[in-house]
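Peer 1: The opening residue of the sequence shown carries number 6 in the working numbering; numbering runs sequentially from there.
Cβ atoms here follow ideal geometry from the backbone N, Cα and C, with glycine treated the same way.
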Amino acid sequence: MATRGKSVAFARIRAEVIRLVALIPAGKFTTYGSIAIHMNVIARHVATVLSRLTPEESATLPWHRVVAANARISPNMPPESSLKQRHQLKAEGLRIDKEGYIQDADSHFHNVGVRRNIRWSEG
């Protein structure tokens, strides 16, 4: 059973991940790690939030604009999600090679911001 502090912290982390992903403009991308550094969490937290979106959130949130390190579509993603992400990024003008790496990444990278000093479990 999760402790109250942990579930409150996760709810706050989840809300912030969703807020930050919603701010990524079309034609741009960022990484799980960039969001994590900004939020002062680990990249796995960001990936977990995005992997557990509701169907409604997935339909409206530009989750496809978040990729793995080195500007690569995550090789850990289910194949159908990976293909969907590839198609959506290409539709926004990004070029992706056969290994899933975004080409000319520097010109398409969205900087989330500097690391914030946040303690997610505190009120």
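1) Could you tell me whether the segment 69–89 touches the segment 35–50, using the rule of 3 or more Cβ pairs below 8 Å?
2) So, at 7 Å on beta carbons, what are the nonlocal neighbours of Ala31 in its own chain, with the 5 sequence-adjacent residues on each side left out?
3) For the alpha helix (DSSP H) that Glu61 lies in, which residues bound it at each end?
4) Is Leu25 helix, strand or coil by DSSP?
5) Please report the Cβ distance between Ala64 and Val51, rounded to the nearest whole angstrom; I am assuming they are in contact, meaning their Cβ atoms lie under 8 Å.
6) On the DSSP bridge assignment, give the partners of Val71 in chain order.
7) To the nearest angstrom, how far is the alpha carbon of His92 from that of Leu99?
8) What residue range is occupied by the uninterrupted alpha helix (DSSP H) comprising Val54?
9) If we count the other Cβ atoms within 10 Å of its Cβ and call it buried at 16 or more, is Gly10 buried or exposed?
10) Given a threshold of 16 other Cβ atoms within 10 Å of its Cβ, counted over all protein chains shown, does Thr8 qualify as buried or as exposed?
11) Measuring straight from C-alpha to C-alpha, what distance separates Ile23 and Lys103?
Peer 2: On the basis of the supplied data:
1) Three or more beta-carbon pairs separated by less than 8 Å link the segment 69–89 to the segment 35–50, which places the two stretches in contact.
2) The residues are Glu97.
3) Under the DSSP assignment, Glu61 falls in the alpha helix (DSSP H) whose first and last residues are Pro60 to Thr65.
4) Note: Leu25 maps to helix in three-state DSSP.
5) About 19 Å separates the CB atoms of Ala64 and Val51; that is not less than 8 Å, and the two are not in contact.
6) DSSP, once it has assigned bridges, lists Thr35 as partnering Val71.
7) Rounded to whole angstroms, His92 to Leu99 spans 10 Å at the Cα level.
8) Counting along the chain, the unbroken alpha helix (DSSP H) around Val54 starts and ends at Ala48 to Ser56.
9) For Gly10, the predicted model reports a pLDDT of 47, less than 50, meaning its position is unreliable; a value from the coordinates is still stated below. Classification for Gly10: exposed.
10) Note that Thr8 has pLDDT 44, beneath the 50 cutoff, so the model's placement of it is unreliable and no number is given.
11) Roughly 29 Å separates the two Cα atoms.
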